[in-house]
Each structure stands twice: as structure tokens, then as C-alpha cells.
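Colleague:
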Amino acid sequence: MNKYSIGIDLGGTKILTAIVDNTTGEVLCYTKIKTKRNKSEEKIIRKIIKSIKEVLNEAQKDISEIDSIGIGAAGQTNREKGIIINAPNIGIENLNIKEILEKEFNKTVFLGNDVEVAAVAEILFGGGKDEKDFICIFVGTGVGSCIVQDGKIRHGATGNAGEIGHIIIEYNGRKCGCGANGCLEAYASRLAIEKRIIEELNKGMKSDITNYIKENKPIKTAMLRKALSNNDETTRLILDEASSYLATGIASIINFYNPSKIVLGGGLINGIDYFYERTIELTKERTLKIASSGTKFDRARLGDFAGAIGAAMIKEYRTNFS
Ligand SMILES: [Zn+2]
292 MNKYSIGIDL
302 GGTKILTAIV
312 DNTTGEVLCY
322 TKIKTKRNKS
332 EEKIIRKIIK
342 SIKEVLNEAQ
352 KDISEIDSIG
362 IGAAGQTNRE
372 KGIIINAPNI
382 GIENLNIKEI
392 LEKEFNKTVF
402 LGNDVEVAAV
412 AEILFGGGKD
422 EKDFICIFVG
432 TGVGSCIVQD
442 GKIRHGATGN
452 AGEIGHIIIE
462 YNGRKCGCGA
472 NGCLEAYASR
482 LAIEKRIIEE
492 LNKGMKSDIT
502 NYIKENKPIK
512 TAMLRKALSN
522 NDETTRLILD
532 EASSYLATGI
542 ASIINFYNPS
552 KIVLGGGLIN
562 GIDYFYERTI
572 ELTKERTLKI
582 ASSGTKFDRA
592 RLGDFAGAIG
602 AAMIKEYRTN
612 FS
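As C-alpha cells, then:
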């Protein structure tokens, strides 16, 4: 086995490609290419290929020195066949990325979804390293999770286990992107928070956040953090509301699964300490004491590189752990 692998974090707004040390998870070098909305599939493929060539060039390495290539894509994937089935935020449907990249680079290519690969990184090098039964929960644009049982990721009967974003917390609640009502994601994701802030502003609530919002641009986590540090009441109110819902969801998961640890990551958790701390506090209040007495809480440790590191490690994980 070669010492280095390539990991690609294929998201809705960027392609982050890194050369990763297989033994330590360390990122040797990386490149980040922004992608625009409504881009064509061919353009995305070209950009992925370009990013691999760029990162090799920068590291002054030849593809023959690379062990494998892994991709974590934000969407539904067929991991065996290497097909990205449906990734609406990237603009890809039924794309056999494994076949395309294997032909281009003559290297074995592995595919997983974004949550799964971030969990692989946490299992091998992060907060899940010494744990057997734990759950990774990522709160950002959406809300996703990964169940690890006996050190192995559980995919479920159809590969969809861990969809914590779509557990229903209000049966008559807000419409979710999946078509159902009252899903956790419709209350606790960054998109949900953004919607609620705009709703309150339209009702005439004053907020410091209006100083940072740009028309037709998303409300980013950094804006929420800034408004919060300026003691903005509206932002605090809505973050409190979102963390209450998130805690309700996590508490139910703890009661049901009795994990030894909950590893929390994603933009909102990494970016806003207050949000993370309040969520933990409320979660502890809402669980059965007997179920939560053995549960530790931790933040995901690999931050923005978790996706790329985990993608690079898919081969290692699937060979030796699953
Ligand atoms: Zn849903």
C-alpha cells in the first residue's frame, strides 16, 4: 500500500481535493475549487479531474505514488457500483463517477456519501477513535447522521440508516424538503434558521443581522455568529429555538440507541460555540437519565477537512473495518 491517497469532498458549493497520509490522516496538500449553481455534469467532471491533477502537481507526486482515490458526495450514492444516484445540490443524477475516474487515472476509485465519509474520518482519527457504539451528527445546511455499531457504520436495509434530519418532531409541522411535515431538518438546519430569520424580519422584528445580509445570498454561519456576539436578540431567539428542536431529536436518539458518545459536527456546531453548548445542555435535560448516564459528548475534530480525509480513507475503512 502506498503511503498517500487522494480524497475528494464533493459538495454543493465546492470541490475540496486533498492528498492524505493513510497512516495519520494528515493532509499533505489540498486544492479547493468553487462550483456554481446550475452547472452541467460535464463541467463538474472536468473540475474534479482538474483538481486531482492540480493537487498532484502541487505535492510534486505522480499518480503512481497514490494508493487510491475516494470521493464523498453530498447526496445518495451506490457505494458498490460507484454511482452518484441523486445529488440535487451538486446537480448530478445517475453518474458513474468511479468508472470515469478509473479510466482517467487508472487507479481504484471508492465512493461514499458526505456524512458516511466524515464519520469514517472520525472513526479512524477523530472523536470516535476509542468508541464502539456512537453516533456522528452533522448540523449545517442540512442535518445528517451516521450510526456506528461495534466500530462499523450501519447502512440499514436500503443504505439509508441514520437519516436523523428526517425524524419527525412535529407531526403537523413545517414542510421539509423531503415532502414530509415536521422533520428535524426543517427546524434545526442552517436553511431552517435562515427561513425563520427572514420570517421574523418580514414581521417587523429588528435584527443586527440585516447589516450583513446580501440580497439573494444565503445567511452564513459566520453572519449568525457575528450577530450573536453583538447581542442580537432575534438571532439568539431563533438559534435557541433551533437548538431546542435539535436537542429534542438527539435526546430521542440517545434514549433509543444508548450510545457511548455523540460526536457533533457541521458548520453550525463548528462555527457557533453557544449553539453547540446549549444543544448539549438541553439534550442532557431531556434524556432518560439511565440512557444518557453513559453518553459522552464531543465535537467532531477534523473540521472542514473531515470529508476529504474520510474520502481518502474509504479503502482502508472498507478493507479493515467494515
Ligand atoms: Zn424530511
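292 is the number of the first residue of the sequence shown in this note's numbering; add one for each residue after it.
Note that beta-carbon positions come from the ideal geometry of N, C-alpha and C, so glycine has one too.
Closest to K344 by CA distance: which of K505, S331 and I360 is it?
Modeller: Residue I360 is the option with its Cα nearest to K344.
Colleague: Please list, in chain order, all residues of the same chain as E349 whose beta carbon is under 8 Å from its beta carbon, the five residues on each side excluded.
Modeller: Closer than 8 Å at Cβ, skipping near neighbours: C320 and T322.
Colleague: From Y608 to D353, what distance separates their C-alpha atoms?
Modeller: Looking at the two C-alpha atoms, the distance is approximately 24 Å.
Colleague: Is it true that the CB of I383 sits closer than 8 Å to the CB of I291?
Modeller: Outside the shown range of the chain, which is 292 to 613, sits residue 291, and nothing can be said about it.
Colleague: Within its chain, find whatever has a CB closer than 7 Å to the CB of R370; leave out the 5 residues flanking it on each side and keep chain order.
Modeller: Contacts found: L402 and G403.
Colleague: On the CB-based measure, 16 or more other CB atoms within 10 Å of its CB, does D235 come out buried or exposed?
Modeller: The structure shown does not extend to residue 235, since the chain spans only 292 to 613, so no value can be given for it.
Colleague: Mind listing, in chain order, the residues whose beta carbon lies closer than 5 Å to a non-hydrogen atom of ligand 1?
Modeller: Here the list is H457, C467, C469, A471 and C474.
Colleague: Return yes when the Cβ of T526 is within less than 8 Å of the Cβ of L519, no when it is not.
Modeller: In contact: L519 and T526 (Cβ atoms closer than 8 Å).
Colleague: Closest to G558 by C-alpha separation, out of D595, K372 and E524, would be which residue?
Modeller: Per the Cα distances, D595.
Colleague: Pick from I510, V554, N507 and I571: whose alpha carbon is nearest that of D531?
Modeller: The residue with the shortest Cα to Cα distance from D531 is I571.
Colleague: Could I get the ranges of all uninterrupted alpha helix (DSSP H) runs contained in the stretch 345 to 399, with 4 residues as the minimum, in chain order?
Modeller: Qualifying alpha helix (DSSP H) stretches, in chain order: 388 to 396.
Colleague: Does DSSP classify F612 as helix, strand or coil?
Modeller: DSSP places F612 in coil when its eight states are reduced to three.
Colleague: Would you call the CB atoms of G418 and S436 closer than 8 Å?
Modeller: Contact flag unset, no.
Colleague: Could you give the C-beta distance for T308 and A597, rounded to a whole number, given that I count them as a contact under 8 Å?
Modeller: Not confirmed; about 14 Å, so no contact.
Colleague: Of the residues V408, N549 and R592, which one's Cα is nearest the Cα of D441?
Modeller: Of V408, N549 and R592, the residue nearest in Cα terms is N549.
Colleague: For I306, write down the residues that DSSP places opposite it in a beta bridge.
Modeller: In DSSP, I306 forms a bridge with L301 and I324.
Colleague: Between G562 and N397, what straight-line distance do the alpha-carbon atoms span, to the nearest angstrom?
Modeller: Computed Cα separation, rounded: 39 Å.
Colleague: Following the continuous alpha helix (DSSP H) through R527, name the residue where it begins and the one where it ends.
Modeller: Per DSSP, R527 belongs to the alpha helix (DSSP H) from E524 to Y548.
Colleague: Put N313 into one of helix, strand or coil per three-state DSSP.
Modeller: Reduced to three states, the DSSP call for N313 is coil.
Colleague: Find the nearest neighbour of I458 within the set M292, G450, Y478 and A448, judged by alpha-carbon distance.
Modeller: Checked all of M292, G450, Y478 and A448; the closest Cα to I458 is Y478.
Colleague: Apart from the five residues on each side of it in sequence, which residues of its chain come closer than 7 Å, Cβ to Cβ, to N385?
Modeller: Contacts found: I374 and I376.
Colleague: Is D421 helix, strand or coil by DSSP?
Modeller: Coil at D421, not helix or strand.
Colleague: Return the chain-ordered list of same chain residues with a C-beta closer than 6 Å to the C-beta of I541, the five sequence neighbours on each side being excluded.
Modeller: Same-chain partners within the cutoff: T574.
Colleague: Check each candidate in G456, A412 and G468 and name the one with the smallest Cα separation from I444.
Modeller: Of the listed residues, the one whose Cα sits closest to I444 is A412.
Colleague: Can you give me the start and stop residues for the beta strand (DSSP E) that K552 sits inside?
Modeller: Where K552 is concerned, the enclosing beta strand (DSSP E) stretches over K552 to G556.
Colleague: Taking DSSP as the reference, what is the three-state secondary structure of N404?
Modeller: Residue state, collapsed to three classes: strand.
Colleague: Taking I428 as the reference, give the member of I455, N451 and K508 with the closest Cα.
Modeller: With distances taken between Cα atoms, I428 lies closest to I455.
Colleague: Specify, as a first and last residue, the run of the alpha helix (DSSP H) that S520 falls within.
Modeller: Element bounds for S520: T512 to S520.
Colleague: With 16 other CB atoms within 10 Å as the buried threshold, where does G585 fall?
Modeller: Exposed is the call here.
Colleague: Can you name, in chain order, every residue of its own chain whose Cβ lies under 8 Å from the Cβ of P379, other than the five neighbours on each side?
Modeller: Correct list, in chain order: G366.
Colleague: Please state whether DSSP places S342 in a helix, a strand or coil.
Modeller: Note: S342 maps to helix in three-state DSSP.
Colleague: What do you reckon, are the CB atoms on A582 and N546 nearer than 8 Å?
Modeller: It is a contact, given that the beta carbons lie within the stated cut-off.
Colleague: Given T304, which residues of its chain have a CB within under 7 Å of its CB, disregarding the five upstream and five downstream residues?
Modeller: Cβ neighbours of T304 beyond the five flanking positions: K325 and T326.
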